[in-house]
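Protein sequence lines, in the order shown, are assigned to chains A and S.
In this text, residue positions in the first sequence follow our numbering: the first is 1, and each later residue adds one.
In this text, residue positions in the second sequence follow our numbering: the first is 557, and each later residue adds one.
Take a look at the structure set out below.
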Amino acid sequence: MYQYNQFDKHFVANRAKQFRSQVMRRLDGSLSEEEFRPLRLMNGLYLQLHAYMLRVAIPYGSLNSKQMHQLAYIANKYDKDYAHFTTRQNIQYNWPKLKDVPDILDDLAKVDMHAIQTSGNCIRNVTSDHFAGASIDEIADPRPSAELLRQYSTDHPQFQFLPRKFKIAISGSPNDRAVIKSHDIGLLMKYDESGNLGYEIYIGGGLGRSPFVGKLLKGFLPKADLLPYIEGIMVVYNLNGRRDNKYKARIKILVHENGIEKIKQEVEENFLIQKQNFKQPSDKLISAINERFKLPDFKQANIDNYKIELKQNAQFSNFIKNNISEHKNKDYSIISVSLKNIGETPGDATSKQMQILANLAKQYSHDELRISHEQNIILPHVHKSDLPKVFKELQKANLATNNIGLISDIIACPGMDYCSLATARSIPIAKQIAKHFNELNLEEEIGQLKLKISGCINACGHHHVGHIGILGLEKQGKESYQITLGGEENLSMNIGKRAGPGFSSDELLPAIKRLIEAYLSLRQNPDESFLASYKRLGEKPFINALYPKEEKANVA
Amino acid sequence: MLHKQQKAFSNITAKSIIVRNGFFEKAEIDNSKNILEIDGNAKISQIDLSKDMIIIEFEKFADGRGFSLAKLLRQNRFEGVIRAKGNLLVDQYPLAIRCGFDEIEISLAHAQRQPQNQWQEVLTRTNNNYLDRLMLA
């Protein structure tokens, strides 16, 4: 777990002070609204549909119990006693008052947290695998690299006014849980043939209105070259990215319009300049970072109680089946706590729930918590002998929903209920679908299925990479929901294909029902997932289910 | 094509102010200097590095290309004066200095709205930054 040193603390406190001065200069007229806007954005403050929204960074998704307690305190003191965990490992407060924001930033700084570069046309919060440092399938812990990139990109003097926002994600496991190919830069840690650690680098991925799968930029970059190479990419983007059209300003468009080969050549040329000029961080600094991500001291204890509970308690064993992932240490488990309680807003947590999770982390997870891009909260290091106790506590707090990876574990953006960009509601749609399949007790039967909902073409709900994606649009004053099929995240990332005309909000659930019924009748066996069936059979039977012939006849 | 190489220096009028070391100075015309004026479209390989001064124009404060151009000039061992010309925000001043700019030319109206004391205040922000620490520690 990264602990701030004096430098970090000083920097964050200073930055909060700077923001206070910016707010004052806005109020006394020194700064126009147009001038103030990028400054408030690079400090995480948005103007939303009904109010300001403050987006706080949770760097690479890691936090400790003290920080989680403070997030709960802020939600209680300055907001409506809840907050929203986002798909980019941030937390959003939806109702802060502008006058309170400098105080909130001070309160965050007290626990080494901040809202720096969570918005604006700069390098955003670097995201990573929410199982980093815990998962059995990991090649290397990506967090020291993510932390290095955080330090590098924070207040980087060249890159605060880029053509557009810039997102970097890093995975230390070949089972990519950070969706690296949907980022401006995606880094995959790997070893070369001689056993040296480095990165495979993807560029120009993205969702939004023009989705692209990231393209391979470099097969292997030695670890020590990371910063000069990233600098090379950033200089090429800053100088050449389009500034004439906001919708064509991301690096994905630059790569698409120029071709990956041309971009590769320019990056390599600039990388050489950077390598000559870049003084590498000292070994001392690097090892000081590594030191902070050391594995906790794992305890040794008998796990018989866990084995007995598994046999005797069906609710417990169901929870274990869906919400547990395999840990590096065979006597430990990773718990995913679902924030998708049926009928509630995906990603929302109340202050009380945050406090309970903080206490559980302190007592049972070596004081660590993680936020996943799927808007769930992870207890990364729980000894198996503690699992029965933790499960009981989660049950009491209404946090034991055992739907991780199932149809009701939906990613949804805030949609028209909060967002000024949205063209349709997404939260009520998510609630409706989750409730339906839960009531029929079908979630388990359907199995692994990623359903993702965005309330506009900006695609914050990642619908492009949902096995089933739903995109809410506005057609002639009414909400219209387009369905995409066959999207996929991880390293085989694939953009889902639009199935056909949109559905009204009333027609949507029946359409999803037909789709699922078709899958259940078409699958070879219960182990064949929706995505596997779709890949085997192609889109046709699924499209037929969505648009049955009789209905078409009726319309005609 | 959009390069304004060799653009006459005389079009800097008394309506501008130069911010240098946090202080406002009236923009003077120094005909003895060998000056080149470029904008964000400039290609670094085509710039004559023997000039005394290179002026990089910022058409809009939000167009950050000038920051990378200044840095590249310094990386290419340009040792003359680099001036930013455009109504940059006070908060961009420390960034500009860190990228290698020596001074900023702003309009009189901009200087009136964002007075000298504000430019002096932000100068301390050039210290204690992550990048210097990473590269020098």
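No residue lacks a Cβ here, since even glycine has one placed at the ideal position from N, Cα and C.
Everything numeric in this text was worked out from a predicted model, so none of it was measured.
Own chain residues within Cβ distance below 7 Å of residue 351 of chain A, not counting five before or after: As a working mapping, residue 351 of chain A is identified with position 351 in the first sequence. Excluding sequence neighbours, residue 351 of chain A sits near 72, 75, 76, 81 and 82.
So, is residue 302 of chain A buried or exposed, given that buried needs 16 or more other C-beta atoms within 10 angstroms? Taking the first residue of the first sequence as 1, we reach residue 302 of chain A at position 302. With fewer than 16 Cβ atoms within 10 Å of its Cβ, residue 302 of chain A is classed as exposed.
Would you check if there are 3 or more beta carbon pairs closer than 8 Å linking the region 116 to 130 of chain A to the region 56 to 67 of chain A? yes
Report yes if the CB atom of residue 89 of chain A is closer than 8 Å to the CB atom of residue 373 of chain A, and no otherwise. Position 89 of the first sequence, counting from 1, holds the residue named residue 89 of chain A. Position 373 of the first sequence, counting from 1, holds the residue named residue 373 of chain A. Going by C-beta atoms, residue 89 of chain A is nearer than 8 Å to residue 373 of chain A.
At the 8 Å Cβ level, is residue 101 of chain A part of the contact set with chain S, yes or no? Indexing the first sequence from 1 puts residue 101 of chain A at position 101. No, residue 101 of chain A does not count as interfacial toward chain S.
Here's a check: name, in chain order, each residue in its chain whose Cβ is nearer than 8 Å to the Cβ of residue 191 of chain A, leaving out the five neighbours to either side. Translated into the one-based positions of the first sequence, residue 191 of chain A becomes position 191. Correct list, in chain order: 139, 197 and 198.
Euclidean distance between Cα positions of residue 493 of chain A and residue 183 of chain A: Locating residue 493 of chain A in the first sequence gives position 493, where the first residue counts as 1. Locating residue 183 of chain A in the first sequence gives position 183, where the first residue counts as 1. The straight-line gap from Cα to Cα measures roughly 11 Å.
Can you tell me whether residue 173 of chain A is buried or exposed? The criterion is at least 16 other CB atoms within 10 Å of its CB, across all chains shown. The sequence position of residue 173 of chain A within the first sequence is 173, counting from 1. Per the 10 Å Cβ criterion, buried.
At the 8 Å Cβ level, is residue 553 of chain A part of the contact set with chain S, yes or no? By one-based count along the first sequence, residue 553 of chain A stands at place 553. Reliability of the predicted coordinates at residue 553 of chain A is poor, the pLDDT of 48 falling under 50, and no value is obtained from them.
At least three beta-carbon pairs within less than 8 Å, the region 157 to 171 of chain A to the region 617 to 628 of chain S: yes
Curious, which full-length alpha helix (DSSP H) runs of at least 4 residues does the region 640 to 667 of chain S contain? Runs of the alpha helix (DSSP H) lying entirely within the region 640 to 667 of chain S, each at least 4 residues long, are 649 to 655 in chain order.
For residue 482 of chain A, does the three-state DSSP call read helix, strand or coil? Stepping through the first sequence from its first residue, residue 482 of chain A is reached at position 482. DSSP places residue 482 of chain A in strand when its eight states are reduced to three.
Candidates A/471, A/434 and A/359, of which the one nearest residue 513 of chain A by Cα: Taking the first residue of the first sequence as 1, we reach residue 513 of chain A at position 513. From the listed residues A/471, A/434 and A/359, the smallest Cα separation to residue 513 of chain A is found for A/434.
Against chain S: residues of the region 136 to 167 of chain A by CB proximity under 9 Å: 148, 150, 151, 152, 153, 154, 155, 156, 157, 158, 159, 160, 161, 162 and 163
Quick check on the burial criterion: 16 or more other C-beta atoms within 10 angstroms. Buried or exposed for residue 50 of chain A? Locating residue 50 of chain A in the first sequence gives position 50, where the first residue counts as 1. It counts as exposed.
Cα separation between residue 612 of chain S and residue 152 of chain A? The sequence position of residue 612 of chain S within the second sequence is 56, counting from 1. The sequence position of residue 152 of chain A within the first sequence is 152, counting from 1. So the two alpha carbons sit approximately 25 Å from each other.
Over what stretch of residues does the alpha helix (DSSP H) that includes residue 111 of chain A continue unbroken? What you label residue 111 of chain A is simply residue 111 of the first sequence in a count that begins at 1. Where residue 111 of chain A is concerned, there is no enclosing alpha helix (DSSP H), given that its DSSP letter is neither H nor E.
By Cβ distance below 6 Å, which residues in the same chain neighbour residue 211 of chain A in space, the five residues on each side in sequence not counted? As a working mapping, residue 211 of chain A is identified with position 211 in the first sequence. Closer than 6 Å at the Cβ level, and outside the excluded window around residue 211 of chain A, lie 464 and 495.
Are the C-beta atoms of residue 292 of chain A and some chain C residue less than 8 Å apart? Note that chain C does not occur in the displayed structure, where the protein chains are A and S.
Residue 688 of chain S versus residue 298 of chain A - alpha carbon distance: Looking up residue 688 of chain S in the second sequence gives position 132. Looking up residue 298 of chain A in the first sequence gives position 298. Going from the Cα of residue 688 of chain S to the Cα of residue 298 of chain A covers about 37 Å.
Touch test, the region 219 to 233 of chain A against the region 254 to 274 of chain A, Cβ-Cβ under 8 Å, three pairs minimum: In short, these stretches touch, since the Cβ pair count reaches three.
Where residue 675 of chain S and residue 487 of chain A are concerned, what is the direct C-alpha to C-alpha distance, given to the nearest angstrom? For this step, residue 675 of chain S is matched to residue 119 along the second sequence. For this step, residue 487 of chain A is matched to residue 487 along the first sequence. Looking at the two C-alpha atoms, the distance is approximately 51 Å.
Measure the C-alpha to C-alpha separation of residue 109 of chain A and residue 6 of chain A and round it to an integer number of angstroms. Taking the first residue of the first sequence as position 1, residue 109 of chain A is located at position 109. Taking the first residue of the first sequence as position 1, residue 6 of chain A is located at position 6. Cα-Cα distance, rounded: 12 Å.
Does the pairing of the region 450 to 465 of chain A with the region 406 to 421 of chain A give three or more beta-carbon distances under 8 Å? Three or more Cβ pairs drawn from the region 450 to 465 of chain A and the region 406 to 421 of chain A lie within less than 8 Å of each other, which places the two stretches in contact.
Using a Cβ cut-off of 7 Å, pull out every chain S residue sitting near residue 277 of chain A, in sequence order please. Counting from one through the first sequence, the residue named residue 277 of chain A turns up at place 277. Those within 7 Å of residue 277 of chain A in chain S are 631.
Take every Cβ of the region 414 to 426 of chain A, pair it with every Cβ of the region 368 to 384 of chain A, and state whether three or more of those distances are shorter than 8 Å. By the Cβ test, the region 414 to 426 of chain A is not in contact with the region 368 to 384 of chain A, since fewer than three Cβ pairs between them sit closer than 8 Å.
Which residues in the same chain have their Cβ closer than 7 Å to the Cβ of residue 622 of chain S, if we skip the five residues on either side of it in sequence? Mapped onto the second sequence, residue 622 of chain S falls at position 66. Closer than 7 Å at the Cβ level, and outside the excluded window around residue 622 of chain S, lie 596, 612, 614 and 640.
Exposed or buried, which one is residue 733 of chain S when buried takes at least 16 other CB atoms within 10 Å? Nothing can be reported for residue 733 of chain S, as the shown portion of chain S is limited to 557 through 693.
Assigned secondary structure, residue 454 of chain A (DSSP; H/G/I helix, E/B strand, else coil): Taking the first residue of the first sequence as 1, we reach residue 454 of chain A at position 454. Note: residue 454 of chain A maps to strand in three-state DSSP.
Within 10 angstroms of the Cβ of residue 401 of chain A, are there 16 or more other Cβ atoms? Answer buried if so, exposed if not. The residue labelled residue 401 of chain A in the question sits at position 401 within the first sequence. Buried, because 16 or more other Cβ atoms sit within 10 Å of the Cβ of residue 401 of chain A.
Any Cβ of chain A within less than 8 Å of the Cβ of residue 693 of chain S? Residue 693 of chain S sits at position 137 when you count from the first residue of the second sequence. Low confidence applies here, because residue 693 of chain S scores a pLDDT of 47, under 50, leaving its location unreliable and the question unanswered by this model.
What is the rounded straight-line gap between the Cα of residue 20 of chain A and the Cα of residue 649 of chain S? For this step, residue 20 of chain A is matched to residue 20 along the first sequence. For this step, residue 649 of chain S is matched to residue 93 along the second sequence. Rounded to the nearest angstrom, the two C-alpha atoms are 18 Å apart.
Starting from the C-beta of residue 39 of chain A, find all residues in its chain whose C-beta is less than 6 Å away, skip the five residues before and the five after it, and write them out in chain order. Sequence index remark: in the first sequence, residue 39 of chain A carries index 39 (1-based). Counting only Cβ-Cβ distances below 6 Å, and skipping sequence neighbours, we find 22.
Counted within 10 angstroms of its Cβ, other Cβ atoms place residue 585 of chain S as buried (16 or more) or exposed: As a first step, residue 585 of chain S is located in the second sequence; it is residue number 29 there, counting from the start. By the 10 Å Cβ count, residue 585 of chain S comes out exposed.
Determine contact between the region 393 to 400 of chain A and the region 332 to 344 of chain A, defined as no fewer than three beta-carbon pairs at a distance below 8 Å. yes
Look up residue 90 of chain A in the DSSP assignment and give the residues it is bridged to. Taking the first residue of the first sequence as 1, we reach residue 90 of chain A at position 90. Per DSSP, A/57.
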